[in-house]
Amino acid sequence: MGINLKSIFRVVTRSCHISDIPTATDVTPSASGSQTMLIAPVLASLILLSTALSTTLACETPVFVYALNLWPADPYEVVLVHRSEPAALTLLQEFQSLSGDNVNVVIRDIPPDYTEGTLGEWLEASPVTTTPWLAVRYPVRGDSRRTVWSGPIGNVKPQCWLDSPVRQQIVRYLLDRRAGVWLILNSGERSRDNAAANLLANELDRLERVFNLPEAASAYGVTQESPVFPRISLNRNDPAENELIAMLLRSEPDLSAITDQPIVFPIYGRGLVLYALAGAGINVANITAAAQFLVGECACEVKSDNPGLELILNAAWDDQPAGSFADFESRVNTAYVQLEDIRGIIPSAQINTTNTTISEAAAAAPLQEPATRSGLARWLQIGVVVLLAFGAIIWLSGITRRK
Numbered sequence: 033m034g035i036n037l038k039s040i041f042r043v044v045t046r047s048c049h050i051s052d053i054p055t056a057t058d059v060t061p062s063a064s065g066s067q068t069m070l071i072a073p074v075l076a077s078l079i080l081l082s083t084a085l086s087t088t089l090a091c092e093t094p095v096f097v098y099a100l101n102l103w104p105a106d107p108y109e110v111v112l113v114h115r116s117e118p119a120a121l122t123l124l125q126e127f128q129s130l131s132g133d134n135v136n137v138v139i140r141d142i143p144p145d146y147t148e149g150t151l152g153e154w155l156e157a158s159p160v161t162t163t164p165w166l167a168v169r170y171p172v173r174g175d176s177r178r179t180v181w182s183g184p185i186g187n188v189k190p191q192c193w194l195d196s197p198v199r200q201q202i203v204r205y206l207l208d209r210r211a212g213v214w215l216i217l218n219s220g221e222r223s224r225d226n227a228a229a230n231l232l233a234n235e236l237d238r239l240e241r242v243f244n245l246p247e248a249a250s251a252y253g254v255t256q257e258s259p260v261f262p263r264i265s266l267n268r269n270d271p272a273e274n275e276l277i278a279m280l281l282r283s284e285p286d287l288s289a290i291t292d293q294p295i296v297f298p299i300y301g302r303g304l305v306l307y308a309l310a311g312a313g314i315n316v317a318n319i320t321a322a323a324q325f326l327v328g329e330c331a332c333e334v335k336s337d338n339p340g341l342e343l344i345l346n347a348a349w350d351d352q353p354a355g356s357f358a359d360f361e362s363r364v365n366t367a368y369v370q371l372e373d374i375r376g377i378i379p380s381a382q383i384n385t386t387n388t389t390i391s392e393a394a395a396a397a398p399l400q401e402p403a404t405r406s407g408l409a410r411w412l413q414i415g416v417v418v419l420l421a422f423g424a425i426i427w428l429s430g431i432t433r434r435k
């Protein structure tokens, strides 16, 4: 007798609780006892199947899409140490009024003798020499926060910490679902800066031609079939971007010491700096590896297990039109179609004569590990899960009949 996979999928994805599933001890033997005892293993198998299938399908979503839609930006911490000086209270009010709900910062004001929690530990490790005193600290990574900048409040401008022209441009690109913004921080050495900019532009143009985005990206509003990698050039001595430059150069140890080489920062998601490519590190292999990560299928849904450190950005990320989980029903239908295909013949891969796969593109610059799995491997994984689930049902049915 055939099984209606679509009906099963709809039942499993409805609201249900494990406590609602009868167990062997809950069943009173009767004429229909063998059928009743099958309910628990059947539903358990189907829940396992749907969970494994949803995980497999979720992994088809590119990293840059998943990060934009589902990874909230972690907050910076702006700490003002003061004794209620008028200048300090004015500065505090400015930070609070400008930050709003769309800026990933938390404003804290404390007295210089504060001793509680991590802020007390920070004050002990970094003694304040005068008040008022301001510190801007990165989001938590691991068990600690590193400091971007700290000092007297004399020349502090809250609006410059919370936003800037280049950051507005980054936000526009990210909200427009670009695969990643590549910011090149110039060194001031014209020949080196031009060489790095030309190499970056040529390589990203090539990758835009050879990379294809998976169909799963379209569910999140990505309309292009190939990724787009916009570039932004930033002069190291731009006074309007001092605060952004400080965030970039202190995002990794020793970056601040690199003064005579250009540095490239790939930025994705909601303002995550992937990592820095400096000097000779700006090469084909490293650019390809970073781009491949951004457009590759998301291998891990946990944000903290992925590379990146946020910038302070002013953006209404949650107001964007996005697929996220709003189109869950359509994804269930898609999964049903894919399950039905497994029962027949797996469709042959479509041959594209103009574009190559990410794996083929990576061959031009060999990497240690590919960021994507082949379509055949994905189908095999789904097939194994389906066979195991139905095999378990048949086996349990046989045991019940023998009893």
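In this note's numbering, the protein residues as written are 33 to 435.
Just so it is clear, CB atoms sit at the ideal spot from N, CA and C, and this is done for glycine as well.
Predicted model, so just to flag it, every value in this text is computed and none were measured.
Do you know how far the Cα of residue j is from the Cα of residue i?
i	j	result
G303	I202	8 angstroms
V111	G152	12 angstroms
P184	L166	6 angstroms
L245	A105	24 angstroms
A321	F261	14 angstroms
V168	L419	55 angstroms
S223	D292	11 angstroms
P190	P197	14 angstroms
Y98	P118	45 angstroms
E126	R209	32 angstroms
A396	I290	At A396, the pLDDT of 44 sits below 50, so the modelled position is not reliable; the number obtained from the coordinates is stated separately. Taking the straight line from one Cα to the other gives about 29 angstroms.
Flag this pair as yes or no: are the beta carbons of residue i and residue j separated by less than 8 angstroms?
i	j	result
I319	E235	yes
I216	S265	yes
A233	P294	no
E109	R199	no
P144	V113	yes
N218	N267	yes
Counting only the same chain and skipping the five closest in sequence on each side, list residues whose C-beta sits under 6 angstroms from that of residue i.
i	result
A323	L239
L123	I185
R115	T163
I need the DSSP call for residue i, collapsed to helix, strand or coil.
i	result
I216	strand
I299	strand
Y170	coil
G311	helix
D225	helix
W181	strand
W103	coil
Got a sec? Which residues, its chain only, sit under 7 angstroms from residue i by beta carbon, not counting five neighbours each side?
i	result
S131	V137, I139 and L194
L231	I314
Y146	G152 and L155
P339	L306 and Y307
D141	L112, H114 and L124
Beta-carbon within less than 8 angstroms of residue i's beta-carbon, same chain only, minus the 5 sequence neighbours each way: which residues are those?
i	result
L206	L100, V213, I299, Y300, G301, R302, G303 and A347
So, under 8 angstroms CB-CB, residue i and residue j are touching, yes? Tell me the CB distance rounded to an integer number of Å.
i	j	result
A278	W154	Not a contact, Cβ separation roughly 18 angstroms.
E342	P171	6 angstroms
E329	Y307	That pair is no contact at about 20 angstroms.
P259	A211	3 angstroms
V95	F325	6 angstroms
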